[in-house]
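Notes follow once the structure below has been shown.
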Amino acid sequence: MLRTLKFRTGIGLIIASFLILMASCGSSNSTLKNNENQQKWVGSWSTAPQLVEPRNVPPSPGLTGNTLRQIISPSLGGKSIRLKFSNEFSDRPVEMKAVEIAIVTEQPSIDISTKKTLKFDGEEGVTMPAGEAVFSDALTFEFDPRTKLAITIKFGETAEKITGHPGSRTTSYLVEGNQEIAEEDFTNAVTTDHWYAINTLEVMAGENASAIAILGNSITDGRGSGTNKQNRWPDILAESLLQHSETKNVGVLNMGIGGNAVLRGGLGPTGLNRFDRDILSQSGVKYLIIMEGVNDLGGTPDSTAAFNVANGLIEAYKTMIDKAHTKDIKVYGGTITPIEKSFYYKDYREEARQRVNDWIRNSGAFDAVIDFSKFLENPDEPNVIHPDLQSGDYLHPNEKGYKVMGESIDLSLFTK
């Protein structure tokens, strides 16, 4: 009787274990299916806002009461989007009476059949308060990755202090009036190679989608790349990611500002001051590349100052790494590229650059290192950018140099 009881208990345990296993499998399959179906906002395109300097304000006739068409090339495609517009550096409200988006055929012309109007809390227009940014409502709008999109804004009243991004390397088109604007008007528009008010485009994407945010200066912003070519090194990286199934759902957000510094001075808010807004507030960011510091070193007047700035950069990197890690963002350190033969070169600045780069490479503070300095250096003169890869000033790469930078990055960094 005792044996029979043990036998029956064993059978019961086997059956119970089998049922638990089946339930677990069902749960796993359900979880996988749910993960595939889950959707979230992910950044597909972004640019770092700043106060536009007087030399970069919109040309006549200006923005007030007029229509501006701006071109962007998002890294991820999608079927549902929302856009962010910034008035954060303006001291007065800015009115957008209407905002339209469409696929570009041949810049500045659009495919009329794709044109849609954005809404803001259900309304076609919106007034952005001084010092603030606004998101549009979600909009059904389908496009492929890296498709050129036209964002056309019909402005009402605007501010004298303008929020924008001067280093767009992309032509914008300004037409007088904000009522019925014919498409042919844009072919005769006043042009300017700057962006105003536009900030971010996000797509609704699957749970496996994510984005790389890049904190940088003019080398990330693309000085020396081609106007309207979208061939900055972050663009090249975005193109490379699309070529592989493991990384095709990873977007790239270029948060470079020309002339920007990490610690103090420079153009735009410092890297430290803008870190929370430009990096941590972005949707879907899983990876961060920090490639900034050369402008801090380039402004040092002597060896003592350069030594102190090098220390300051290292401490700033630590701060940014810690902040990003609290949001489960992997942080990759980009080495500072060569400066010898450039207008920044001094022996003491080079010594400081080497010190910072040694820390980036060997401290273990970053989750990985992207050695941009090695990518660009001349093997015969390691402290100099290869002559074939520089734009003429031996500080900024040329189009070939940006291609080398973007294509040399290990894409497996974005599968972890």
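If you number the sequence shown the way UniProt numbering does, the last residue is 416 and the count never jumps.
Glycine is no exception: its CB is placed at the ideal position from the N, C-alpha and C atoms.
- DSSP places Q354 within a helical segment (H, G or I) once states are collapsed to three.
- The three-state reading of DSSP puts Y402 in helix, counting H, G and I together.
- The stretch 192 to 259 is shown to contain whole beta strand (DSSP E) runs of 3 or more residues at 198 to 206, 210 to 216, 250 to 256, in chain order.
- Less than 8 angstroms separates the beta-carbon of A238 from that of R146.
- The beta-bridge partner set that DSSP reports for Q39 consists of G206.
- The beta carbon of K286 is closer than 6 angstroms to those of S210 in its chain, skipping five residues each way along the sequence.
- Using a Cβ-Cβ distance cut-off of 8 angstroms, the stretch 63 to 77 and the stretch 115 to 128 are not in contact, since fewer than three pairs of beta carbons, one from each stretch, lie closer than that value.
- Looking only at Y317, I336, G206, K403, the smallest Cα-Cα distance to D367 is reached by Y317.
- The C-alpha of T227 lies about 8 angstroms from the C-alpha of S168.
- Distance between D328 and K248, taken at the CA atoms: about 21 angstroms.
- In this structure, DSSP gives H396 a state outside helix and strand, which the three-state scheme calls coil.
- Per DSSP, K327 lies in no alpha helix (DSSP H) and is assigned neither H nor E.
- For the set P108, F120, R82, the Cα lying nearest the Cα of A98 is the one of F120.
- The residue among P166, K84, E88, G177 with its C-alpha nearest the C-alpha of L139 is K84.
- With fewer than 16 other Cβ atoms from the protein chains shown falling within 10 Å of its own Cβ, K116 counts as exposed.
- By the Cβ-count criterion, A324 is buried, with 16 or more other Cβ atoms from all chains shown falling within 10 Å of its own Cβ.
- Taken through DSSP and simplified to helix, strand or coil, K318 comes out as helix.
- Taken atom to atom, the span from the alpha-carbon of P59 to that of T192 is near 7 angstroms.
- Comparing alpha-carbon positions, the option among K341, A205, V94, T335 lying closest to G216 turns out to be T335.
- Put simply, the stretch 306 to 314 touches the stretch 254 to 265. At least three CB pairs are less than 8 angstroms apart.
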